[in-house]
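There are 4 protein chains.
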Amino acid sequence: MPIINVASTLEYNVSAPTNFIFSIVPAETPHQRILEESLSLSPQLDYEWLQVGEENIRNIRLEVPTGFFRLDYQARVELTPAVDESHRIDEVRYQALPAEVLAYLNPSRYCESDRLFLFASKEFGTQQTGFSRVDAICDWVNSHIDYVSGSTDASSSACDVLVNRAGVCRDFAHVSIALCRALGIPARYISGYAVDLQPPDFHGFFEAFLDGKWYLFDATRMAPVSGFVRIGLGRDAADASFATIVGEASLQNMQVSALVDDATTGNEQTNDAISTS
Amino acid sequence: MPIINVASTLEYNVSAPTNFIFSIVPAETPHQRILEESLSLSPQLDYEWLQVGEENIRNIRLEVPTGFFRLDYQARVELTPAVDESHRIDEVRYQALPAEVLAYLNPSRYCESDRLFLFASKEFGTQQTGFSRVDAICDWVNSHIDYVSGSTDASSSACDVLVNRAGVCRDFAHVSIALCRALGIPARYISGYAVDLQPPDFHGFFEAFLDGKWYLFDATRMAPVSGFVRIGLGRDAADASFATIVGEASLQNMQVSALVDDATTGNEQTNDAISTS
Amino acid sequence: MPIINVASTLEYNVSAPTNFIFSIVPAETPHQRILEESLSLSPQLDYEWLQVGEENIRNIRLEVPTGFFRLDYQARVELTPAVDESHRIDEVRYQALPAEVLAYLNPSRYCESDRLFLFASKEFGTQQTGFSRVDAICDWVNSHIDYVSGSTDASSSACDVLVNRAGVCRDFAHVSIALCRALGIPARYISGYAVDLQPPDFHGFFEAFLDGKWYLFDATRMAPVSGFVRIGLGRDAADASFATIVGEASLQNMQVSALVDDATTGNEQTNDAISTS
Amino acid sequence: MPIINVASTLEYNVSAPTNFIFSIVPAETPHQRILEESLSLSPQLDYEWLQVGEENIRNIRLEVPTGFFRLDYQARVELTPAVDESHRIDEVRYQALPAEVLAYLNPSRYCESDRLFLFASKEFGTQQTGFSRVDAICDWVNSHIDYVSGSTDASSSACDVLVNRAGVCRDFAHVSIALCRALGIPARYISGYAVDLQPPDFHGFFEAFLDGKWYLFDATRMAPVSGFVRIGLGRDAADASFATIVGEASLQNMQVSALVDDATTGNEQTNDAISTS
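Protein chains in written order, with this note's numbering: chain D, 744 to 1020; chain U, 744 to 1020; chain G, 744 to 1020; chain W, 744 to 1020.
Structural data, given as structure tokens:
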């Protein structure tokens, strides 16, 4: 069972009293166990654990006075993903989808699936349904969109990126999610840590709901899915930014890392389907 | 306490087996009680009650074979809204917002609040905070946007409508919601029945989270808020369409009505703040 | 030399005094000669011939009083296109482009070429340059966009259509023009009559500037290019609508036809390059 | 008669042979006379004077080899604007507009006037027509849009800016132009030098066609219209960028200046209407 050491350091210049919500702590799920963790703030301010949504997402909320502010977080996380044979995983008929996944079929700010029915149908409509169809979407996104740092901004949506043909990890996820939804496959955005991601950073990827489970996918193909540590989730990146800031603060420094702790890693067979929800 | 008789009839031509989810049944809330109701389908098909989200929203899911399909629904609904003095209702500081309302600050498909920070700040930034500020947003939307049937379509968003300056009820709600969120006021979309709405139809309006409660608002000013019967809710209209259709069906006929049952109505004092969540 | 009989009838209900500019009369060019023509208006109003732009485009301007208005136009047009061997036609280097074609490299209302550099480069960047590259663009547009009447409206642009994947003739032209410009190939919109177009209507297509000439292209592939009779031209459809109306008038009836006059037609070899400017 | 000394220096790092078209030289018009000018290039490359459009716009085209490239331009320009009393200047009826200005009523890449008919009509429809209405548009733009360097990019259009409420000079011009066109007033983009502009830079403003002449306007109100020296013009900034670059070059340094030569300046009475076309 792989154990991942994750860490992040964030430094801000705060020029007026500012509220922060940080979404940087790995979630506790049946397949993702926090073995140990530490959080330190400088100055040592009070903070509140905030659970958002029904999943065990743990955000940190606090008020920071004017001045310098630094947050350090570290954790050892054990991943015990459910690994299934991808070729056996089919899509769920609309009629049989559980009520709680239906919202992930709806269009969202950055995933305008309502505009992409014909696009998705023309590109993926005749494809074999199931895990392999979502995989084909990832392949398509990967080969049609260039990964270019700085090519998009906070207002760029899936449709923008399909035109501009460039984006970063969140954009790759948004396009994939929008295409899945347009085909009737529930899909949601996941933020997290990713082992071997270069350059090291928080990562954005997605899950598709297939055969009764949420399976992990990443159209950037920049790091193995088996090394993803989930932090937050939502309809798209609007629900899962690593820091929400109300006030006046500028990020001065950010360091993120995710490293495999021991030799018991592996599972990089790309044909395996990984589920950690 | 006003009692409202609501009714809707929907008729479809179904040209291939089709899945429907209908969102036409009033929710049960502490302030909205269903005294009696009846649902009849023709043909008499099996259906499933589907509860979506944490609120007591009751949708109807069923599979309809090829042919003609008709749904009739009627209910007697007692409204016992909490009525508060609007001038005492202030906004909630970001730091004090409950976790479950935070998602209603995020931008959504039809409410791109992330693009409207400066717009909202320039138009409403110096306004008295609280209920009156949301009311001022409704006034602004009402006087700057024309109500024009057919002027928008299923892909029109708040930003589109701010440019085109025309829309229908869902657009009035979307613009208002987006402006609220841009000011830090959680806001969500409500679908429902509305007494005295002309022409009779399902209605779209919104709630803003103030002083710890969700208060009803309607920028169209087309019907008294005190006569609104809530059906569904969500981040925007994407979460609350009266019928979601997967298959091939065309609406042939739709009749909607909402009438006050007895003389105990009233409450049209526009300065009162109405809460029915 | 093919001779084409073109005709159009337009009927309006005019509910307030209204100004019209009609762009329905074939241009006189070295390759397109008007053998005879007739124009009749009912009521018999005064009108002005309006020449717009440096090409011999002849529009009709008039003021129409309240009431019924009908315009009938017919012409016999002789086409003597320059027919070149397409495989010999190369693109013109930027440095050598004549000054008067440079504006047709700029983005326009419906052809946002400035957003499509990467798109065009990824899809067509390695293709053989010249006539065959523009032909490849037409093939791509034809296979990736569905022709669907009513799928777009007067505000739909090339980028919209690339996302929605449906459009009509003007949209096919806009997407093609935008992609040409993004590759450095000047391209412009042409309105006209088209022999064998089904259903009969005014047509929108485009020209690309190659090897010192403007060559005709049509990504809809709905009618042979050799049977196109040019009316107007411009940067995109904004410059070439068949009727510009300032006032209040609604189109009641429109009939358009374009028929080959005699047996001397042909030239439908798709490998030939047709130039009629 | 004011005499303006204008100068610009541009330095590029050219990493592959690159084609440039520079639009930095003042136009010769009946109201703008070039008394003397000098152009020097380093290295001393051949260049071509390129006249684009019917106005006397003089662009410089050249091919630059890999390496450092510098351009210095200086001119003494005498301005003899036609100065009219603004309150006498009315709009021209559509029916009477000369053919050559009609294209400036059409929507363009950055001025989507086709979407703004209702917006313009609601905000300015009841205003006194003529010069004062265009002036009112400038006032509105000035008070509703913030001037924020870096707030927009090369793909930002008038509709974007109306939502985002921030922009730079080209955006102020685009919004104004789009609103004019939506009201039936031909309007076009002008690039130029502007006396007293802080910080010194090329400037973008616009002209509206009123009473048979093109009058200068500037919604930024950052410099007196009487000190504007026209370089290029077009439907919007797409037609008038100071440098069009095909190849690989990065701007290293840019200096622009415009200074009144002697004491015979003035004319800053804002009620005067200035025409220099």
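Each residue gets a CB set at the ideal place from its N, CA and C atoms; glycine is no exception. Model, not experiment: these values are computed from the prediction.
Can you give me the Cβ contacts of W:P773 inside the same chain, cut-off strictly under 6 Å, excluding the 5 residues immediately before and after it? By one-based count along the fourth sequence, residue 773 of chain W stands at place 30. Closer than 6 Å at Cβ, skipping near neighbours: no residue.
Unbroken alpha helix (DSSP H) run spanning U:F985, endpoints: Position 242 of the second sequence, counting from 1, holds the residue named residue 985 of chain U. Looking at the DSSP string, U:F985 is not in any alpha helix (DSSP H), and its letter there is neither H nor E.
If you measure between the beta carbons of W:N748 and W:D1004, is that distance less than 9 Å? Counted from its first residue, the fourth sequence places residue 748 of chain W at position 5. Counted from its first residue, the fourth sequence places residue 1004 of chain W at position 261. Yes, Cβ-Cβ distance for W:N748 and W:D1004 is below 9 Å.
Find the residues of chain U that neighbour D:S898, judging by a C-beta separation of less than 8 Å, and give them in chain order. Within the first sequence, numbered from 1, the residue matching residue 898 of chain D stands at position 155. Simply E855, D857 and R858.
Go ahead and label G:S758 buried or exposed: buried means 16 or more other beta carbons lie within 10 angstroms of its beta carbon, across all protein chains shown. Counting from 1 along the third sequence, the entry for residue 758 of chain G is found at position 15. Here G:S758 is exposed: its Cβ has fewer than 16 other Cβ atoms, across all protein chains shown, within 10 Å.
With H, G and I counted as helix, E and B as strand and the rest as coil, what does DSSP make of U:Y837? Here residue 837 of chain U corresponds to residue number 94 of the second sequence, with the count starting at 1. In the three-state reduction of the DSSP assignment, U:Y837 falls in the helix class, which pools H, G and I.
Identify whether G:D944 lies in helix, strand or coil by the three-state DSSP scheme. Taking the third sequence and counting its residues from 1, one reaches residue 944 of chain G at position 201. The answer is coil: DSSP assigns G:D944 none of H, G, I, E or B.
Which residues in chain G have a C-beta closer than 9 Å to the C-beta of D:V904? List them in chain order. One-based indexing of the first sequence puts residue 904 of chain D at position 161. Result: empty, since nearest Cβ-Cβ is about 10 Å, beyond 9 Å.
Could you tell me which uninterrupted alpha helix (DSSP H) segments, each at least 4 residues in length, are contained entirely in the segment 799-881 of chain D, listed from first to last along the chain? Counting only runs of 4 or more, we get 860-867.
Would you say the segment 873-889 of chain G touches the segment 826-837 of chain G, given that touching needs at least three Cβ pairs under 8 Å? Output reads yes: the segment 826-837 of chain G touches the segment 873-889 of chain G.
Is the segment 834-846 of chain U close to the segment 953-964 of chain U, with three or more CB pairs under 8 Å? Three or more beta-carbon pairs drawn from the segment 834-846 of chain U and the segment 953-964 of chain U are found closer than 8 Å, and the two stretches are therefore classed as touching.
Would you be able to state if there are at least three C-beta pairs under 8 Å between the segment 801-818 of chain G and the segment 846-866 of chain G? Here the segment 846-866 of chain G does not lie against the segment 801-818 of chain G, with fewer than 3 beta-carbon pairs under 8 Å apart.
Where D:D982 meets chain U, residues with beta-carbon distance less than 7 Å: Locating residue 982 of chain D in the first sequence gives position 239, where the first residue counts as 1. The contacting residues are A846 and N849.
G:V820 and G:I746 - do their beta-carbons sit closer together than 9 Å? Your numbering for residue 746 of chain G matches position 3 in the third sequence. Your numbering for residue 820 of chain G matches position 77 in the third sequence. Cβ atoms of G:I746 and G:V820: closer than 9 Å.
Run the CB neighbour count on G:E950, radius 10 Å, all protein chains shown included, and call it buried at 16 or more, exposed below. In the third sequence, the residue the question calls residue 950 of chain G occupies position 207. Counting Cβ neighbours within 10 Å, G:E950 comes out buried, since at least 16 surround it.
Nearest by alpha-carbon distance to W:N885: which of W:I928, W:T963, W:C854 and W:P769 is it? Taking the first residue of the fourth sequence as position 1, residue 885 of chain W is located at position 142. Here the closest residue by C-alpha is W:T963.
Can you give the beta carbon distance from W:A818 to W:H917, rounded, assuming they're within the 8 Å contact cut? Your numbering for residue 818 of chain W matches position 75 in the fourth sequence. Your numbering for residue 917 of chain W matches position 174 in the fourth sequence. Contact doesn't hold; Cβ gap of about 27 Å is too wide.
Do you know whose CA, among G:T895, G:R973 and G:A901, lies nearest G:Y936's CA? Here the question's residue 936 of chain G lines up with position 193 in the third sequence. Comparing C-alpha distances from G:Y936 to each of G:T895, G:R973 and G:A901 shows the shortest one belongs to G:R973.
Within 10 angstroms of its Cβ, does W:E866 collect 16 or more other Cβ (buried), or is it exposed? In the fourth sequence, the residue the question calls residue 866 of chain W occupies position 123. Buried: at least 16 other Cβ atoms inside 10 Å.
By the 8 Å beta-carbon criterion, what residues does the segment 906-927 of chain U contribute toward chain W? Going along the segment 906-927 of chain U in chain order, one finds V906, N907, R908 and A909 with a Cβ nearer than 8 Å to chain W.
Along the segment 765-795 of chain D, what residues have a CB closer than 8 Å to any CB found in chain U? Residues passing the 8 Å Cβ filter: L793, Q794 and V795.
So U:E834 contacts chain D; which residues on that side make the cut at Cβ distance below 8 Å? Reading the second sequence from its first residue, position 91 is the one you call residue 834 of chain U. Under the 8 Å cutoff, chain D gives no residues; its nearest Cβ is about 13 Å from U:E834.
Give the interface partners of W:V989 over in chain G, defined as CB-CB distance under 8 Å, in chain order. Stepping through the fourth sequence from its first residue, residue 989 of chain W is reached at position 246. Residues of chain G with a Cβ closer than 8 Å to the Cβ of W:V989 are, in chain order, Y837 and G927.
Near-chain U residues of the segment 866-896 of chain D (beta-carbon distance less than 9 Å), N- to C-terminal order: Against chain U - using a Cβ distance shorter than 9 Å - the segment 866-896 of chain D contributes no residues.
Can you tell me which of W:C902, W:G910 and W:Q787 puts its alpha carbon nearest to the alpha carbon of U:R908? Stepping through the second sequence from its first residue, residue 908 of chain U is reached at position 165. Comparing alpha-carbon positions, the option among W:C902, W:G910 and W:Q787 lying closest to U:R908 turns out to be W:C902.
Using the C-alpha atoms, what's the distance from W:N756 back to W:I767? Residue numbering aside, residue 767 of chain W sits at position 24 when the fourth sequence is read from its first letter. Residue numbering aside, residue 756 of chain W sits at position 13 when the fourth sequence is read from its first letter. In a straight line, the C-alpha of W:I767 is about 19 Å away from that of W:N756.
Looking at the strands, I want to know which residues DSSP matches up with D:E797. The sequence position of residue 797 of chain D within the first sequence is 54, counting from 1. As computed with DSSP, D:E797 is found in no beta bridge at all.
Rounded to whole angstroms, what is the Cα-Cα separation between G:L822 and G:A966? Taking the third sequence and counting its residues from 1, the one referred to as residue 822 of chain G is at position 79. Taking the third sequence and counting its residues from 1, the one referred to as residue 966 of chain G is at position 223. If I take the Cα positions, the gap works out to 16 Å.
On the CB-based measure, 16 or more other CB atoms within 10 Å of its CB, does W:A839 come out buried or exposed? Counted from its first residue, the fourth sequence places residue 839 of chain W at position 96. It is exposed - the Cβ of W:A839 has fewer than 16 other Cβ atoms within 10 Å.
In three-state DSSP terms, what is W:R931? Position 188 of the fourth sequence, counted from the first residue, corresponds to residue 931 of chain W. Correct three-state label for W:R931: strand.
Apply the 10 Å Cβ neighbour rule to G:R852 and answer buried if 16 or more other Cβ atoms are within range, or exposed otherwise. Indexing the third sequence from 1 puts residue 852 of chain G at position 109. Buried: at least 16 other Cβ atoms inside 10 Å.
Any chain U beta carbon closer than 9 Å to D:N762: The residue you call residue 762 of chain D lines up with position 19 of the first sequence. Yes, because at least one Cβ of chain U sits closer than 9 Å to the Cβ of D:N762.
Examine chain U for any beta-carbon lying closer than 9 Å to the beta-carbon of W:F862, and answer yes or no. For this step, residue 862 of chain W is matched to residue 119 along the fourth sequence. Interface criterion met: the Cβ of W:F862 is under 9 Å from a Cβ in chain U.
Between the Cα of U:G990 and those of D:L926, D:P760 and D:A992, spot the shortest distance and give me the residue it belongs to. By one-based count along the second sequence, residue 990 of chain U stands at place 247. Of D:L926, D:P760 and D:A992, the smallest CA-CA separation from U:G990 is found for D:L926.
Cβ of W:G977 within 9 Å of any chain G Cβ: For the purposes of this step, residue 977 of chain W is taken as residue 234 along the fourth sequence, with counting starting at 1. True, the Cβ-Cβ gap to chain G drops below 9 Å.
In terms of residues, what are the limits of the beta strand (DSSP E) holding G:V972? By 1-based counting over the third sequence, the position of residue 972 of chain G is 229. That run of the beta strand (DSSP E) goes F971 to G977.
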